[in-house]
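Take a look at the structure set out below.
As structure tokens, this is what we get:
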């Protein structure tokens with residue numbers, strides 16, 4: 003395990019399961035390359051990520067490991083702060099870094115923590131593109147003595163403990179964070195945005211209305227995109243998200259930089 007170079011050093015953390023698809027590997031390599039170029043330390047985790055949550059949480063979220071990951075990443079962030087890192091940044095394994103310099107510049111922790119802001123593009127029943135905005139934790143950055151991390155862990159555990167029935171997707175992730183944002187305004191950056199299946203299809207094709215709407219709604223070109231592994235291999239919103247499509251989208255982003 004790497005030790006902090008100095009008080010104020012930055013640690014980038016990711017986690018992925020064994021034998022991920024090749025397109026996930028390309029995303030993670032983009033993060034590793036960015037971290038190295040920026041002078042940050044990179045740490046990759048496997049399923050040991052889930053060792054950091056109570057047994058009852060693992061049991062309750064067994065059918066939704068991504069929900070368990072939401073709580074586990076918060077514990078890992080705190081562990082790294084306890085090691086002495088001055089800034090710790092979690093990025094999901096399916097995040098592709100497109101503009102490394104812009105991502106570095108965006109990770110300012112003026113309030114001690116930072117989340118991501120998203121514009122999610124999907125069609126309504128009439129086929130018209132709709133934009134839904136929210137806050138996500140595909141990027142979750144914290145500094146020592148921040149006011150949010152301990153609260154988030156406490157609140158997330160209470161939400162999970164109170165929940166009954168089938169586990170709800172994103173219960174303690176974007177759903178909870180967006181509700182908090184609506185009430186209190188969370189520090190969140192458009193720099194790490196979400197690529198819905200419609201956006202992924204447009205990126206793979208070299209352009210299209212969903213891609214254009216994403217850029218317009220974000221107000222800037224995203225420095226990184228979450229390619230939403232949860233939709234890979236499935237048909238969503240009229241789009242069959244294949245590994246080949248994701249590979250093409252990655253190639254286009256790395257070549258053209260979303261411009």
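In the numbering used here, the protein residues as written are 3 to 261.
Beta carbons are placed, not taken as given, at the ideal position from N, Cα and C, and that holds for glycine.
Given the structure is predicted, the values throughout are model-derived calculations rather than measurements.
ask   = For residue 192, which of helix, strand or coil comes out of DSSP?
value = For the purposes of this step, residue 192 is taken as the residue at position 190 of the chain shown. Annotated three-state conformation of residue 192 is coil, per DSSP.
request  = Identify which residue in 130, 95, 179, 132 has its Cα closest to the Cα of residue 29.
outcome  = Mapped onto the chain shown, residue 29 falls at position 27. For residue 29, the closest C-alpha among the options 130, 95, 179, 132 is that of 95.
ask   = Which whole runs of the beta strand (DSSP E) in the segment 96-124 are 3 residues long or more, in chain order?
value = Counting only runs of 3 or more, we get 97-99.
task = Let me know the alpha helix (DSSP H) ranges lying completely inside the segment 227-261, each 4 residues or longer, listed in chain order.
result = With a minimum length of 4 residues, the continuous alpha helix (DSSP H) runs that stay inside the segment 227-261 are 245-258.
Nearest-angstrom Cα separation, counted from residue 81 out to residue 215 = Taking the first residue of the chain shown as position 1, residue 215 is located at position 213. Taking the first residue of the chain shown as position 1, residue 81 is located at position 79. Residue 81 has its alpha-carbon roughly 38 angstroms from the corresponding atom of residue 215.
inquiry  = Let me make sure I understand the geometry here. Which of 179, 206, 20 has the alpha-carbon closest to that of residue 117?
reply    = If you number the chain shown from 1, residue 117 lands on position 115. The closest CA to that of residue 117, considering only 179, 206, 20, is found on 179.
key: Exposure label - residue 208; buried when at least 16 CB within 10 Å   = Residue 208 sits at position 206 when you count from the first residue of the chain shown. Exposed, because fewer than 16 other Cβ atoms sit within 10 Å of the Cβ of residue 208.
Environment of residue 184 [buried if 16+ CB atoms lie within 10 Å] = Mapped onto the chain shown, residue 184 falls at position 182. Under this definition residue 184 is an exposed residue.
request  = Tell me whether residue 63 sits in a helix, a strand or coil according to DSSP, three-state version.
outcome  = What you label residue 63 is simply residue 61 of the chain shown in a count that begins at 1. Coil, per DSSP.
message = I'd like to know whether the C-beta atoms of residue 169 and residue 69 end up nearer to each other than 7 angstroms.
response = Residue 169 sits at position 167 when you count from the first residue of the chain shown. Residue 69 sits at position 67 when you count from the first residue of the chain shown. With contacts defined by Cβ atoms closer than 7 angstroms, residue 169 and residue 69 form a contacting pair.
key: Reduced DSSP secondary structure (H/G/I, E/B, other) of residue 19   = Position 17 of the chain shown, counting from 1, holds the residue named residue 19. Note: residue 19 maps to coil in three-state DSSP.
inquiry  = Rounding to the nearest angstrom, what Cα-Cα distance links residue 167 and residue 62 in this structure?
reply    = As a working mapping, residue 167 is identified with position 165 in the chain shown. As a working mapping, residue 62 is identified with position 60 in the chain shown. So the alpha carbons of these two residues sit roughly 10 angstroms apart.
Best match in 49, 50, 20, 72 for proximity to residue 157 [C-alpha to C-alpha] = Taking the chain shown and counting its residues from 1, the one referred to as residue 157 is at position 155. Relative to the Cα of residue 157, the nearest Cα in the group 49, 50, 20, 72 belongs to 72.
Residues near residue 193 by beta carbon distance below 7 angstroms, same chain, minus five either side = As a first step, residue 193 must be located in the chain shown, where it is residue number 191. Excluding residues within five positions, the ones whose Cβ falls inside 7 angstroms are 104, 105, 108, 224, 225, 226.
request  = Using the Cα positions of residue 53 and residue 232, report the straight-line distance between them to the nearest angstrom.
outcome  = For the purposes of this step, residue 53 is identified with residue 51 of the chain shown, where counting begins at 1. For the purposes of this step, residue 232 is identified with residue 230 of the chain shown, where counting begins at 1. Rounded to the nearest angstrom, the two C-alpha atoms are 22 angstroms apart.
query = With C-beta atoms as the reference, is residue 153 less than 7 angstroms away from residue 115?
reply = As a working note, residue 153 is residue 151 in the chain shown. As a working note, residue 115 is residue 113 in the chain shown. Taking 7 angstroms as the Cβ cut-off, residue 153 and residue 115 do not qualify as a contacting pair.
ask   = What do you get for residue 246, buried or exposed, if any count of 16 or more other CB atoms within 10 angstroms of its CB means buried?
value = Counted from its first residue, the chain shown places residue 246 at position 244. With a threshold of 16 other beta carbon atoms within 10 Å, residue 246 falls short and is exposed.
ask   = Who are the near neighbours of residue 220 in its chain, counting only those whose CB is closer than 6 angstroms to its CB and skipping five residues on each side?
value = Counting from one through the chain shown, the residue named residue 220 turns up at place 218. Beyond the five residues adjoining it in sequence on each side, residue 220 comes within less than 6 angstroms, by CB distance, of 121, 192, 195 in the same chain, given in chain order.
inquiry  = Among the candidates 14, 127, 67, whose CA atom is the shortest distance from the CA of residue 239?
reply    = For the purposes of this step, residue 239 is taken as residue 237 along the chain shown, with counting starting at 1. That would be 127, whose Cα lies nearest to the Cα of residue 239.
message = If you follow the alpha helix (DSSP H) that residue 87 is in, where does it begin and where does it stop?
response = Start at 1 with the first residue of the chain shown, and residue 87 comes out as number 85. Here residue 87 belongs to no alpha helix (DSSP H), and DSSP marks it neither H nor E.
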